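With the sequence shown counted from 1, adding 54 to any position gets you my numbering. Glycine included, C-beta positions come from ideal geometry on N, C-alpha and C. All figures in this text were calculated on a predicted structure; none of them were measured in a lab.
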Amino acid sequence: MKAGVRLIEVFSSLQGEGLWLGQRHAFVRLAGCNLSCRYCDTPRSREASAGRSWSAAELKAELSRLFKGKKHDAVAWTGGEPLLQAAALPALMRWAQGRGVKNLLETNGTMVEAFRLVEPYVDLASVDIKLPSAAGQELWSEHLEFLRVAPKKSCVKVVLTARTTKAEWRTLIRLMQEAGPDIPLVLQPATPRGGEQPPKPEAALFFLRQASALLKDVRLIPQWHPVWGLK
Ligand code: SF4
Numbered sequence: 055m056k057a058g059v060r061l062i063e064v065f066s067s068l069q070g071e072g073l074w075l076g077q078r079h080a081f082v083r084l085a086g087c088n089l090s091c092r093y094c095d096t097p098r099s100r101e102a103s104a105g106r107s108w109s110a111a112e113l114k115a116e117l118s119r120l121f122k123g124k125k126h127d128a129v130a131w132t133g134g135e136p137l138l139q140a141a142a143l144p145a146l147m148r149w150a151q152g153r154g155v156k157n158l159l160e161t162n163g164t165m166v167e168a169f170r171l172v173e174p175y176v177d178l179a180s181v182d183i184k185l186p187s188a189a190g191q192e193l194w195s196e197h198l199e200f201l202r203v204a205p206k207k208s209c210v211k212v213v214l215t216a217r218t219t220k221a222e223w224r225t226l227i228r229l230m231q232e233a234g235p236d237i238p239l240v241l242q243p244a245t246p247r248g249g250e251q252p253p254k255p256e257a258a259l260f261f262l263r264q265a266s267a268l269l270k271d272v273r274l275i276p277q278w279h280p281v282w283g284l285k
């Protein structure tokens, strides 16, 4: 597809996680994902054939309609993995910035070349680093290369589960030190669903202490949209 994108949904809501928590965002959920995480909260968006094709003009019209109704701080380009459709994103992101709206890229941090293409138009990349206990595979080298592309406008989110181990946590901290100890790190306890459980509070606090001792900006922020009853 040349200029359009395959989308699951476009909607306005409050950002429920990460550094820009509580801001009003227009969420553009793109179809398809290259991973298969156990804690995935958007399983229907994994399929590349999910949703339908939107032309760029159609998407801009829908975003314009949302922007007219309420002030939006950002467009959250999310998925699935939005970088699977990286070719279409620069023009759309430039268009959003031209309307005074920032671009938040929510990515699993594995598609480095696609990120290089989009990065000039991204205001913040929320990079979801996958621990092997949750992703079922080691992705450390992909994540490290990804964070090196734009460390000054990246933040890292890590979902903590009941299966998070101390050993993989030490590896995560070493990776963050290597990528840039100033990159903000958000610890997000898994929201219980689909058999995935959050860690015990004392375990989450242990991981927080370990990371805070060696990195500059570490925060523990659960997902808030389920608490607020929002999408
Ligand atoms: S990367 Fe995101 S969308 Fe893809 S499977 Fe993992 S949690 Fe789900």
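- Message: Assuming contact is defined by CB atoms lying nearer than 7 Å, are alanine 244 and proline 252 in contact in what I supplied?
- Response: Here residue 244 is taken as the residue at index 190 of the sequence shown, counted from 1. Here residue 252 is taken as the residue at index 198 of the sequence shown, counted from 1. Yes, the pair counts as a contact, with Cβ atoms nearer than the cut-off.
- Message: The alpha helix (DSSP H) that contains valine 212, what's its start and end?
- Response: As a working mapping, residue 212 is identified with position 158 in the sequence shown. Not the alpha helix (DSSP H): valine 212 falls in the beta strand (DSSP E), residues 208-214.
- How many angstroms separate the CA atom of glutamine 231 from the CA atom of leucine 269? On the sequence shown, residue 231 is found 177 positions in, with the first residue counted as 1. On the sequence shown, residue 269 is found 215 positions in, with the first residue counted as 1. C-alpha separation (whole angstroms): 7 Å.
- Query: Just curious, the beta strand (DSSP E) that lysine 254 is in, first and last residue?
  - Reply: Stepping through the sequence shown from its first residue, residue 254 is reached at position 200. From DSSP, lysine 254 is part of no beta strand (DSSP E); its letter is neither H nor E.
- Query: Which residues bound the alpha helix (DSSP H) around proline 243?
  - Reply: As a working mapping, residue 243 is identified with position 189 in the sequence shown. Element bounds for proline 243: not the alpha helix (DSSP H) but the beta strand (DSSP E), 239-243.
- Item | For isoleucine 275, the first and last residue of its enclosing alpha helix (DSSP H) | For this step, residue 275 is matched to residue 221 along the sequence shown. Neither: isoleucine 275 is in no alpha helix (DSSP H) and is coded neither H nor E.
- Task: Identify, in the order they occur along the chain, each residue of the same chain with its Cβ nearer than 8 Å to the Cβ of alanine 168, setting aside the five sequence neighbours on each side.
- Result: Translated into positions along the sequence shown, residue 168 becomes position 114. Around alanine 168: Leu137, Leu138 and Ala140.
- Cβ of arginine 148 less than 7 Å from any chain B Cβ? Of the protein chains in this structure there is only one, and it is not chain B.
- Using 10 angstroms around the beta-carbon of serine 99, count the other beta-carbons present and answer buried if the total reaches 16, otherwise exposed. The count along the sequence shown starts at 1 and reaches residue 99 at position 45. Counting Cβ neighbours within 10 Å, serine 99 comes out buried, since at least 16 surround it.
- Item | Anticipated Cβ contact below 8 Å, threonine 161 with arginine 83, distance rounded | If you number the sequence shown from 1, residue 161 lands on position 107. If you number the sequence shown from 1, residue 83 lands on position 29. Actually they do not touch by this definition, with Cβ atoms about 13 Å apart.
- Do you know offhand how far glutamate 71's Cα is from valine 213's? If you number the sequence shown from 1, residue 71 lands on position 17. If you number the sequence shown from 1, residue 213 lands on position 159. If you take the alpha carbons of glutamate 71 and valine 213, they lie about 11 Å apart.
- Item | Helix, strand or coil at glutamate 112 according to DSSP, with G and I counted as helix | Translated into positions along the sequence shown, residue 112 becomes position 58. Glutamate 112: helix per DSSP, three-state reduction.
- May I ask which residues mark the beginning and end of the alpha helix (DSSP H) holding lysine 287? The question about residue 287 has no answer here: the residues shown for the chain are numbered 55 through 285.
- Query: What separation, rounded to the nearest whole angstrom, lies between the Cα atoms of leucine 198 and arginine 170?
  - Reply: As a working note, residue 198 is residue 144 in the sequence shown. As a working note, residue 170 is residue 116 in the sequence shown. Computed Cα separation, rounded: 14 Å.
- Message: Judging by CA-CA distance, which residue of Ala150, Ser103, Leu143 and Ala104 is the nearest neighbour of histidine 126?
- Response: Along the sequence shown, one-based indexing puts residue 126 at 72. Here the closest residue by C-alpha is Ala150.
- Label valine 281 either buried or exposed according to how many other C-beta atoms from any shown protein chain fall within 10 Å of its C-beta, with 16 as the threshold for buried. Within the sequence shown, numbered from 1, the residue matching residue 281 stands at position 227. Exposed, by the Cβ-count rule.
- Item | 6 Å Cβ shell around valine 240 - same chain, five flanking residues per side excluded | Within the sequence shown, the letter at position 186 stands for residue 240. Closer than 6 Å at the Cβ level, and outside the excluded window around valine 240, lie Gly72, Lys211, Arg273 and Ile275.
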